[in-house]
Amino acid sequence: MESWDVVIVGAGYGGLSAGALLARGGKKVLVLERDNIIGGRARTLKHKGQVLDDGAHMISRAGHIEATFEDLGLDLPELITMPKSEIYHEGEWKEPTDLFTTDMYKKVFSIMMGLSREEIAQLDDVPLKKWVESVSDDPGIRMLFFYLGCATSVGNRFETYSTGEMIYILREIVESGRKLSQLGAVIARGSNNILDPLAEYINSHGGEVRLNAPVDSVEISQGRAVGVNVEVGERLFHSQVMDVETIKADSVIVTLPLWDVFKILDESAFPRWWVDWVNWISGKVSHAWSIIYALDEPLFDLGAFRWAPNLPESGFSGVFFPFPTYGDEVNQYQFHVSYQGHYDEMPNLFRGDQASVRREIRETIDMLERESVALFPALKGEYHWRMAHAGVYGIAQSPGFVSHKRPSMRPPAADNLFLVSNTVSEARGVSTQGVVKCARMAADAILGA
Ligand SMILES: Cc1cc2nc3c(=O)[nH]c(=O)nc-3n(C[C@H](O)[C@H](O)[C@H](O)COP(=O)(O)OP(=O)(O)OC[C@H]3O[C@@H](n4cnc5c(N)ncnc54)[C@H](O)[C@@H]3O)c2cc1C
Numbered sequence: 346m347e348s349w350d351v352v353i354v355g356a357g358y359g360g361l362s363a364g365a366l367l368a369r370g371g372k373k374v375l376v377l378e379r380d381n382i383i384g385g386r387a388r389t390l391k392h393k394g395q396v397l398d399d400g401a402h403m404i405s406r407a408g409h410i411e412a413t414f415e416d417l418g419l420d421l422p423e424l425i426t427m428p429k430s431e432i433y434h435e436g437e438w439k440e441p442t443d444l445f446t447t448d449m450y451k452k453v454f455s456i457m458m459g460l461s462r463e464e465i466a467q468l469d470d471v472p473l474k475k476w477v478e479s480v481s482d483d484p485g486i487r488m489l490f491f492y493l494g495c496a497t498s499v500g501n502r503f504e505t506y507s508t509g510e511m512i513y514i515l516r517e518i519v520e521s522g523r524k525l526s527q528l529g530a531v532i533a534r535g536s537n538n539i540l541d542p543l544a545e546y547i548n549s550h551g552g553e554v555r556l557n558a559p560v561d562s563v564e565i566s567q568g569r570a571v572g573v574n575v576e577v578g579e580r581l582f583h584s585q586v587m588d589v590e591t592i593k594a595d596s597v598i599v600t601l602p603l604w605d606v607f608k609i610l611d612e613s614a615f616p617r618w619w620v621d622w623v624n625w626i627s628g629k630v631s632h633a634w635s636i637i638y639a640l641d642e643p644l645f646d647l648g649a650f651r652w653a654p655n656l657p658e659s660g661f662s663g664v665f666f667p668f669p670t671y672g673d674e675v676n677q678y679q680f681h682v683s684y685q686g687h688y689d690e691m692p693n694l695f696r697g698d699q700a701s702v703r704r705e706i707r708e709t710i711d712m713l714e715r716e717s718v719a720l721f722p723a724l725k726g727e728y729h730w731r732m733a734h735a736g737v738y739g740i741a742q743s744p745g746f747v748s749h750k751r752p753s754m755r756p757p758a759a760d761n762l763f764l765v766s767n768t769v770s771e772a773r774g775v776s777t778q779g780v781v782k783c784a785r786m787a788a789d790a791i792l793g794a
C-alpha cells in the first residue's frame with residue numbers, strides 16, 4: 346500500500362504552502378488535487394490572450410507568503426503595490442489627502458496601536474460603525490476608519506464588519522514593518538506565479554503534487570487519521586460507485602473550506618457539538634462579486650484603486666481597479682469591479698443549482714453593472730469581453746463569526762489531522778495570507794517545532 350509521511354488534500358494556497366514547508370523539513374509529502382490544475386479558489390487561467398485570475402487577484406502584505414518564500418530560499422514573484430487610491434465622496438473621486446489630514450492619520454493610528462490584544466478581542470463582536478461612532482465625533486476621522494475598513498476587507502460594509510478583525514489586520518501589516526499605504530499588492534502575471542514555485546518545490550524535494558486525484562474520504566481509526574481513500578478509475582455514469590484505494594499517512598492535512606469538509610470527513614468520527622458548530626458557521630459566508638472587463642485603455646491610473654463606500658443603488662462598498670499586469674499578448678487591460686456581499690441578504694450561492702437562485706445571481710450582477718456604468722460610463726459596451734463572477738469568499742468577517750467563534754485547525758477526535766483553510770480561527774487576517782499563516786502553523790506542529 347502506498348504510504349507517505351503527510352498527505353495533503355487540495356493544491357491551493359494552503360495545501361501547497363504547507364506541502365513545501367514540510368518537504369523542506371524532510372517530510373515525504375503527497376498533495377492530492379481533485380482538479381486537473383493547481384490553485385483551487387485562486388487558480389490562474391489563460392483567456393483570449395490574457396492571464397486571468399479566477400479568485401484571488403491581490404494579496405495583503407501581512408508577510409506570511411513572503412516569510413514562506415524566504416524560508417524555502419525562493420525568490421518572491423513580482424508584486425505590484427498599488428500606492429494610489431481614490432474615494433468616491435459626495436459625487437466626486439477624491440484622493441485621501443483631499444479628505445484626511447496628517448493629524449487624522451496620527452489620531453487613528455494612535456487609537457489602533459494603543460489597544461491591547463485583549464481589547465482588540467473584545468471588539469471582535471462590535472460592528473465597525475458602532476465602535477467608530479463611540480471613539481470619535483469628528484466626521485473626518487470616522488470616514489478614515491470606514492475607508493480603512495473598506496480597504497482591509499475588499500469592500501465589506503461598516504455595519505457588517507467586525508472592528509476587532511479590521512484592527513487585527515491593520516496591526517499585523519504595520520507590525521510586519523509596512524506602512525498603511527502598502528496594505529495590498531497585485532501578483533504580476535497571476536496567482537500561479539506564487540503557487541507554481543511552491544508546487545515545483547514539493548516535486549523536487551521528494552514529494553509529489555498529483556492532479557486528477559479526488560479524495561473520497563479521510564480514514565480515521567481510534568482517534569487518528571491513518572490515511573485517505575482516493576477514487577480510482579474513470580467515472581462514466583453519474584450513478585457510478587467509484588472504487589477507492591487507501592493511501593497511508595502519518596499525518597493528514599485537509600484544505601477544503603469548512604463548508605465542504607464533511608464531503609470527505611465522516612461526521613460520525615467527531616463529537617456532535619463540533620459537527621454542529623462547523624455546519625452552523627459554514628452558512629455565515631461572505632460573497633465575492635466581480636466583473637472583469639477587457640479594455641483597450643485603463644480607465645484611470647494603473648497603480649490606483651478606487652473605492653465607493655456606498656454605491657448609489659445597493660449601498661454596498663465597491664472596489665474598482667485597472668489591472669496593470671495582464672494583456673501581455675493582446676495589448677489590452679483588465680478593469681475589475683468588485684464588492685463583497687453578505688450571506689443574509691444575497692442569493693444563496695450554495696444553491697446555484699436552483700433556477701430561482703441563478704436568476705437572483707444574474708439580477709445582482711445586473712445591479713453591479715448598472716452601478717459601475719453610472720460611475721464609469723465608458724464601460725457601457727466599450728469592451729472586448731466581460732466576465733462576471735459570484736463566488737463564496739470565506740466566512741463573513743462580521744461580529745459573531747471571527748477569531749475564536751470559528752473552529753480551530755485542530756479538530757477534536759484526531760490529533761494528527763489538520764484543517765488548513767482560510768475559514769478556521771488560526772487563519773485570521775486577509776484570505777490568502779491568512780491561510781498561509783495557518784499552513785505555517787500546521788507545518789510547524791507536524792515538524793515538532
Ligand atoms: C471571486 C473571489 C475573489 C477572491 N479575491 C481574493 C483576493 O483578491 N485576495 C485574497 O487574499 N483572497 C481572495 N479570495 C479568497 C481566496 O481565493 C481564498 O481564500 C484562497 O484561495 C483559499 O485557499 P485554500 O488553499 O484555503 O483553499 P482552496 O483554494 O479552496 O483549495 C482547496 C483545494 O482542494 C481541492 N479539493 C476539493 N475537494 C477535493 C477532494 N475531494 N479531493 C482532492 N482535492 C479536493 C480543490 O479543488 C482546491 O484546489 C477570493 C475568492 C473568490 C471566490
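Just so you know, the sequence shown maps onto residues 346 to 794 in the working numbering.
All residues carry an ideal CB built from backbone N, CA and C; glycine is no exception.
Beta-carbon proximity list for residue i, same chain, < 6 Å, skipping 5 on both sides
i: Ala788; result: Ala363, Leu366 and Leu367
i: His734; result: Ser635
i: Ala719; result: none
i: Lys372; result: Asp350 and Val351
i: Leu489; result: Phe445, Met449 and Val453
i: Gly400; result: Arg386 and Ala387
i: Gly572; result: Glu564, Thr591, Ile592, Lys593 and Ala594
i: Phe650; result: Met427, Ser430 and Phe666
i: Asp469; result: Ser507, Gly509, Val747 and Ser748
i: Glu347; result: Ile592
i: Leu375; result: Trp349, Val352 and Glu553
i: Gly663; result: Ala653, Leu656 and Tyr684
i: Ile637; result: Gln679, His681 and Met732
i: Glu771; result: Met754, Cys783 and Met786
i: Ser596; result: Val351, Asn761 and Ile791
Beta-ladder partner(s) of residue i, from DSSP
i: Leu424; result: Ile532
i: Leu395; result: A small correction: the amino acid at residue 395 is Gln; Leu does not occupy that position in the sequence shown. Paired residue(s): His392.
i: Tyr678; result: Leu640
i: Pro472; result: Ser507
i: Arg555; result: Leu377
i: Gly314; result: With the chain represented from 346 up to 794, any question about residue 314 goes unanswered, as that position is not in the structure.
i: Ser461; result: Ser461 is not bridged to any residue.
i: Ser405; result: Gly529
i: Lys429; result: Ala649
i: Pro667; result: Phe680
i: Ala594; result: Trp349
i: Lys439; result: Ile432
i: Glu612; result: BP columns for Glu612 are empty, so no partner.
i: His687; result: Ser631
i: Ile565; result: Ala570
i: Val575; result: Val560 and Glu590
i: Val599; result: Val354 and Leu764
Chain-order list of residues whose beta-carbon lies under 7 Å from that of residue i (same chain, five-residue window excluded)
i: Leu644; result: Pro667, Phe680, Phe721 and Ala723
i: Ile456; result: Val480
i: Val606; result: Val599, Val623 and Leu764
i: Gln677; result: Gln395, Ala639, Leu640, Asp641 and His729
i: Leu390; result: Leu397 and Asp399
i: Asp476; result: Checking the sequence, you will find Trp at residue 476 rather than Asp. Excluding sequence neighbours, Trp476 sits near Leu468 and Thr508.
i: Asp646; result: Lys429
i: Asn548; result: Val554
i: Val589; result: Asp561, Asn574, Val575, Glu576 and Val577
8 Å contact criterion, which residue i and residue j should meet: CB distance rounded
i: Arg773; j: Gly779; result: 6 Å
i: Thr591; j: Gly355; result: No, Thr591 and Gly355 are not in contact; Cβ-Cβ is about 18 Å, not under 8 Å.
i: Val747; j: Ser507; result: 5 Å
i: Ile532; j: Ile382; result: With 8 Å as the limit, Ile532 and Ile382 do not qualify as a contact, their Cβ atoms being about 16 Å apart.
i: His632; j: Gln699; result: Not confirmed; about 16 Å, so no contact.
i: Asp669; j: Gly648; result: Here residue 669 turns out to be Pro, not Asp, going by the sequence shown. Correct: roughly 6 Å between the Cβ atoms.
i: Leu556; j: Asp380; result: 7 Å
i: Pro654; j: Cys495; result: 6 Å
i: Leu377; j: Val620; result: The pair is not a contact, with the Cβ atoms about 24 Å apart (cut-off 8 Å).
i: Pro472; j: Pro744; result: 6 Å
i: Thr777; j: Leu603; result: Going by Cβ atoms, the distance from Thr777 to Leu603 rounds to 17 Å, so no, they are not a contact pair.
Residues near residue i in its chain [Cβ-Cβ closer than 8 Å; skip 5 each side]
i: Val781; result: Tyr358, Gly359, Ser362, His409, Ile410 and Thr413
i: Leu393; result: What sits at residue 393 in the sequence shown is Lys, not Leu. Closer than 8 Å at the Cβ level, and outside the excluded window around Lys393, lie Ala639, Val675, His729 and Trp730.
Below-9 Å beta-carbon distance, residue i vs any chain C residue
i: Leu489; result: The structure shown contains no chain C; it holds only a single protein chain.
Three Cβ pairs or more, each shorter than 8 Å: is that satisfied between the stretch 539-547 and the stretch 505-515? With contact defined as three or more Cβ pairs closer than 8 Å, the stretch 539-547 and the stretch 505-515 are not in contact.
Starting from the N-terminal side, write out each stretch of the beta strand (DSSP E) that is 3 residues or longer and does not extend beyond the stretch 351-396. Entirely contained in the stretch 351-396, the beta strand (DSSP E) runs reaching 3 residues are, in chain order, 374-377 and 389-392.
At least 3 beta-carbon pairs within less than 8 Å: the stretch 750-765 vs the stretch 518-528: Touching, no.
Minimum length 3: unbroken beta strand (DSSP E) runs contained in the stretch 714-780: Given a length threshold of 3 residues, each whole run of the beta strand (DSSP E) inside the stretch 714-780 is given here in chain order: 730-740 and 762-764.
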